[in-house]
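Input: a single structure, listed below in structure tokens.
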Amino acid sequence: MGFIVALGSVTIILLLGVLLTGGPAKQPLEYANANAALAVQVVALCGLALATQPRSRHPAVSAVLALGVLTVVLNRSVAGTSLVLPLTLVIGLVVWLRPERRLWTAIAVATSAVAATVSAAVVVQAAEAPHFPGWADRAFDSARERLWQDAAALWRESPFLGSGPGSFAKTSALTADPDTMSAHSAVLQVGAETGWVGVGFMVLVALGGLVWAARGHAPEAIIAVAAWTALLVHSQVDHLLDFGSVVVAAGIVIGWAGASRSPRLAASSEQFDVTQSESPFTR
1 MGFIVALGSV
11 TIILLLGVLL
21 TGGPAKQPLE
31 YANANAALAV
41 QVVALCGLAL
51 ATQPRSRHPA
61 VSAVLALGVL
71 TVVLNRSVAG
81 TSLVLPLTLV
91 IGLVVWLRPE
101 RRLWTAIAVA
111 TSAVAATVSA
121 AVVVQAAEAP
131 HFPGWADRAF
141 DSARERLWQD
151 AAALWRESPF
161 LGSGPGSFAK
171 TSALTADPDT
181 MSAHSAVLQV
191 GAETGWVGVG
201 FMVLVALGGL
211 VWAARGHAPE
221 AIIAVAAWTA
231 LLVHSQVDHL
241 LDFGSVVVAA
251 GIVIGWAGAS
261 RSPRLAASSE
271 QFDVTQSESP
281 FTR
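Mapping of the sequence shown onto UniProt numbering: position 236 corresponds to residue 236, and the numbering continues sequentially without gaps.
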């Protein structure tokens, strides 16, 4: 029960931060999209709790989950809202159907890999274009267009090794403003500063997270893979990996899922499983 109280406390802090902050720099992270990304991971933690806690605690956990979704929406993060809604749907399906076959985990991992790869490729393609394509022009402002183009140009100068850590902040014309000191895209920032070598290591980290999450029981693994995917996709269009709390929260999610295969946690989880022998997911 203490874990649920902790989740509720974090969610209330995030919710009060956006409600009590008048300007664009929403508390507690002073950046609305980062607040939303953190709330998405809190929603995932609620999903893991729903998948493992007894049904008597589901109302309390569901209330915290709903507050987490509300926090994302109130931060007016288009990307965050677009990602938390399917994550919530995944959580609902997992809690309802209790999939046990490893096939469903494999499908989740494959979907995640495709989504992360496509999102990164689309962002790089948009940055390489002389002008933003229609979808990007509608979604982002002119400052984001300039940042992405500056990062892409710096990457082209040294494609293999990049121009060195911190080089983007020294070369972009917009980095005099603290809000635009990064490229607002993980793949472009890493590519510009560390080239394809750095991008390769970033891919390994992303795959490592997927592999660790996928080693757990199917219900926990599917939820964690969905949450990890949300962070990977969202970070392609914003500088979320600069916020330690977001990364730590994501690490807790995939760590929980990966550890769910341990004998002690497995025995604990099985106490709360509901027998659904008629479900097509468990046959």
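Cβ coordinates follow ideal geometry from the N, Cα and C atoms, glycine included.
Note that this is a predicted model, so its numbers are computed, not measured.
{"Query": "Per-residue DSSP class, three states only, for Gln-236", "Result": "coil"}
{"Query": "Thr-117 classed as buried or exposed, judged by whether at least 16 other C-beta atoms fall within 10 angstroms", "Result": "exposed"}
{"Query": "Uninterrupted beta strand (DSSP E) stretches inside the region 59-85 (no shorter than 3 residues)", "Result": "none"}
{"Query": "Straight-line gap, Ser-119 to Asp-137 (C-alpha atoms, nearest Å)", "Result": "16 angstroms"}
{"Query": "Residue nearest to Arg-156 in terms of C-alpha spacing, selected from Val-5, Val-124, Ala-143", "Result": "Val-124"}
{"Query": "CB of Val-5 within 9 angstroms of CB of Ala-36, strictly", "Result": "no"}
{"Query": "For Trp-104 and Ala-218, believed in contact at Cβ under 8 angstroms, the rounded distance", "Result": "5 angstroms"}
{"Query": "Integer Cβ distance of Ile-223 from Gly-47, believed to fall under 8 angstroms", "Result": "4 angstroms"}
{"Query": "Gln-149 in three-state terms, based on DSSP", "Result": "helix"}
{"Query": "Short Cβ contact (9 angstroms threshold) for Gln-236 with Ala-192", "Result": "no"}
{"Query": "Best match in Asp-150, Gly-198, Ser-172 for proximity to Gly-162 [C-alpha to C-alpha]", "Result": "Gly-198"}
{"Query": "Coarse secondary structure for Phe-168, derived from DSSP in three states", "Result": "helix"}
{"Query": "Nearest-angstrom beta carbon gap, Ser-260 and Gly-216 [assumed within contact, 8 angstroms]", "Result": "4 angstroms"}
{"Query": "Separation of Leu-74 from Gly-2, as counted between CA atoms", "Result": "27 angstroms"}
{"Query": "Same chain, Cβ closer than 7 angstroms to Ser-172, five either side skipped, listed in chain order", "Result": "Leu-147, Asp-150"}
{"Query": "C-beta contact flag for Val-190 and Ala-44 at 9 angstroms", "Result": "no"}
{"Query": "Reference Arg-98; option with closest CA among Ala-51, Leu-85, Leu-89, Ala-115", "Result": "Ala-51"}
{"Query": "Residue burial classification, Glu-220 (beta-carbon count within 10 angstroms, cutoff 16)", "Result": "buried"}
{"Query": "Ile-12 to Leu-67 span [Cα, whole Å]", "Result": "8 angstroms"}
{"Query": "Endpoints, the alpha helix (DSSP H) within which Ser-56 is located", "Result": "Looking at the DSSP string, Ser-56 is not in any alpha helix (DSSP H), and its letter there is neither H nor E."}
{"Query": "Trp-196 versus Ala-169 - alpha carbon distance", "Result": "19 angstroms"}
{"Query": "Ser-142 (DSSP reduced to helix, strand or coil)", "Result": "helix"}
{"Query": "Cβ shell of Gly-258 (< 7 angstroms), same chain only, five flanking positions each side left out", "Result": "Trp-212, Ala-213, Arg-215, Gly-216"}
{"Query": "Inter-residue Cα distance where the pair is Ala-143 and Ala-152", "Result": "14 angstroms"}
{"Query": "Supposed close pair Ser-112, Trp-256 - CB separation, criterion 8 angstroms", "Result": "Wrong, their Cβ atoms sit about 17 angstroms apart, outside the cutoff."}
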